[in-house]
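Residue numbers (the numbering used here): 182 to 556. Below: the structure, in structure tokens.
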């Protein structure tokens with residue numbers, strides 16, 4: 182549909198203007214009030230451009246989630262996005278430099294929200310009727326692990342033929358994401374015996390020493406060939422330098438490429454045993470996100486998208502990445518899930534977070550055509 186791409190290119194400035202408004206409505210995950218204000222703007226934009234009203238999924242600890250339904254088909258396509266960002270207010274002001282637009286959450290992932298909105302808006306204006314209803318589920322807690330939204334995401338996914346995730350494309354290349362690692366988060370706590378470091382050193386059992394042994398064990402579980410990594414990113418312990426520490430803990434990040442590997446590593450982490458006599462260990466945590474494993478159905482979905490890109494005049498690759506998204510949940514349920522359909526850019530979560538402005542139209546056109554082809 183070259184006409185669709187032409188229209189989107191002509192209106193790319195309007196898309197960018199909408200995106201600027203949304204980016205300036207800052208929405209850090211830890212501010213329920215600001216996330217809700219940003220959500221009100223999303224509601225306004227969808228009402229203005231698609232004439233649909235949001236169903237608010239009310240939350241008390243985080244911002245409200247939004248469900249917006251376009252069309253009345255029996256079958257549905259689920260579009261996943263999140264409104265929350267990792268940015269504290271005022272840290273990264275919106276600005277444009279050449280072909281790049283910078284701002285908090287512009288890449289991850291407010292750009293994807295605007296692109297998908299404009300994709301459907303343009304189809305509507307062209308009179309294209311979709312046989313399936315499109316359900317946008319825009320959540321407020323993805324950046325903190327989706328603790329309140331996961332159940333809603335999975336429930337909507339089970340009603341859907343496919344799931345499209347408007348997270349950013351693979352950095353710089355624009356590739357879609359047909360694989361994502363699963364994510365586990367664990368805390369290993371060591372308990373020792375506190376004594377005076379000078380008078381009774383021999384009677385003490387250092388929780389810090391015990392934890393050090395466990396950290397080395399954990400690091401040795403990393404296996405790059407399998408795509409498995411463990412990172413001890415935070416350690417805490419002790420009270421004074423002249424006291425043998427009675428408590429210490431480590432926060433562990435686990436990434437795995439397959440569900441089977443996740444189970445194996447989870448067992449290994451919970452199976453840690455103390456090395457020092459008189460010490461003990463307590464392990465808590467879980468696999469927060471299952472891996473998004475590339476299946477034949479996901480490969481077929483990517484093939485449709487690649488053919489669309491060819492017809493629009495650009496190449497479209499695929500990639501497997503280490504970060505997780507809400508698409509991990511839906512893929513683990515066996516629902517064909519295509520991720521990375523959002524903006525092209527780089528620097529997510531970093532000071533240089535930006536999108537490439539001249540790619541907005543073609544990515545929106547890709548999304549629109551994908552809705553038509555899947556339909």
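From the three backbone atoms N, C-alpha and C, an ideal C-beta is built for every residue, glycine too.
* To do: Please name the residue in 435, 407, 387, 475 whose C-alpha comes closest to that of residue 457.
  => Answer by Cα proximity: 387.
* Asked: For the beta strand (DSSP E) that residue 548 lies in, which residues bound it at each end?
  -> Premise fails: residue 548 lies in the alpha helix (DSSP H), 541–555, not in any beta strand (DSSP E).
* To do: Quick one: measure Cβ to Cβ for residue 564 and residue 346, integer angstroms, because I've assumed they're closer than 8 angstroms.
  => The shown model of the chain, from 182 to 556, leaves out residue 564, and the question about it has no answer.
* To do: State the start and end residues of the unbroken alpha helix (DSSP H) segment that holds residue 483.
  => Unbroken alpha helix (DSSP H) run through residue 483: 477–493.
* **Contacts around residue 500, its chain only, beta-carbon distance under 8 angstroms, and the 5 residues preceding and following it disregarded** => Cβ neighbours of residue 500 beyond the five flanking positions: 351, 354, 356, 357, 358, 359, 360, 521.
* Helix, strand or coil for residue 510 per DSSP? -> It is helical.
* Residue from 372, 206, 232, 289 whose Cα sits closest to the Cα of residue 459 -> Among 372, 206, 232, 289, the Cα nearest to that of residue 459 is on 372.
* Comparing alpha-carbon positions, which option in 408, 389, 405 lies nearest residue 427? -> Here the closest residue by C-alpha is 389.
* Asked: With 16 other CB atoms within 10 Å as the buried threshold, where does residue 320 fall?
  -> By the neighbour-count rule (16 or more Cβ atoms within 10 Å), residue 320 is buried.
* Simplified DSSP state of residue 295, which is helix, strand or coil -> Note: residue 295 maps to helix in three-state DSSP.
* To do: Output yes or no for whether 8 angstroms exceeds the beta carbon distance between residue 206 and residue 224.
  => No; because the gap between Cβ atoms is not below 8 angstroms, this pair is not in contact.
* **Whole-angstrom distance between residue 342 and residue 516, CA atom to CA atom** => If you take the alpha carbons of residue 516 and residue 342, they lie about 7 angstroms apart.
* Quick one: residues in its chain with C-beta nearer than 6 angstroms to the C-beta of residue 539, no 5 flanking neighbours on either side, listed in chain order? => The beta carbon of residue 539 is closer than 6 angstroms to those of 280 in its chain, skipping five residues each way along the sequence.
* What span of residues does the alpha helix (DSSP H) with residue 413 cover, start to end? -> Careful: residue 413 lies outside any alpha helix (DSSP H), inside the beta strand (DSSP E) at 410–418.
* Residue range of the beta strand (DSSP E) that includes residue 451 -> Here residue 451 belongs to no beta strand (DSSP E); instead the alpha helix (DSSP H) covers 440–451.
* Sequence ranges, beta strand (DSSP E) only - wholly within the region 311–397, length at least 3 -> Complete beta strand (DSSP E) runs here, min 3: 314–320, 341–346, 357–361, 363–372.
* List in chain order: all unbroken beta strand (DSSP E) runs of 3+ residues lying wholly within the region 233–260. => Taking only runs of at least 3 residues, the beta strand (DSSP E) segments lying wholly in the region 233–260 are 235–238, 246–251.
* Would DSSP call residue 525 helix, strand or coil? -> Under the three-state reduction of DSSP, residue 525 is assigned to coil, being neither helix nor strand.
* **Residue closest to residue 366, alpha-carbon to alpha-carbon, out of 469, 414, 306** => Of the candidates 469, 414, 306, the one whose C-alpha sits nearest the C-alpha of residue 366 is 469.
* Are three or more beta carbon pairs between the region 285–304 and the region 372–383 nearer than 8 angstroms? -> With fewer than three CB-CB distances shorter than 8 angstroms, the region 285–304 does not count as touching the region 372–383.
* To do: Measure from the alpha carbon of residue 222 to the alpha carbon of each residue in 449, 275, 247, then state which is nearest.
  => Of all alpha-carbon atoms in 449, 275, 247, the one lying nearest the alpha-carbon of residue 222 is that of 247.
* To do: Indicate whether residue 453 and residue 433 have their beta-carbon atoms separated by less than 8 angstroms.
  => With a cutoff of 8 angstroms on beta-carbon distance, residue 453 and residue 433 are scored as not near each other.
* Would residue 491 be called buried (16 or more neighbouring beta carbons within 10 Å of its own) or exposed? -> So residue 491 ends up on the exposed side.
* Nearest-angstrom Cα separation, counted from residue 502 out to residue 575 -> The chain is shown only over 182 to 556; residue 575 falls outside these bounds and no answer can be derived.
* Using the Cα positions of residue 243 and residue 268, report the straight-line distance between them to the nearest angstrom. => C-alpha separation (whole angstroms): 15 angstroms.
* Asked: How many angstroms separate the CA atom of residue 419 from the CA atom of residue 249?
  -> Taken atom to atom, the span from the alpha-carbon of residue 419 to that of residue 249 is near 50 angstroms.
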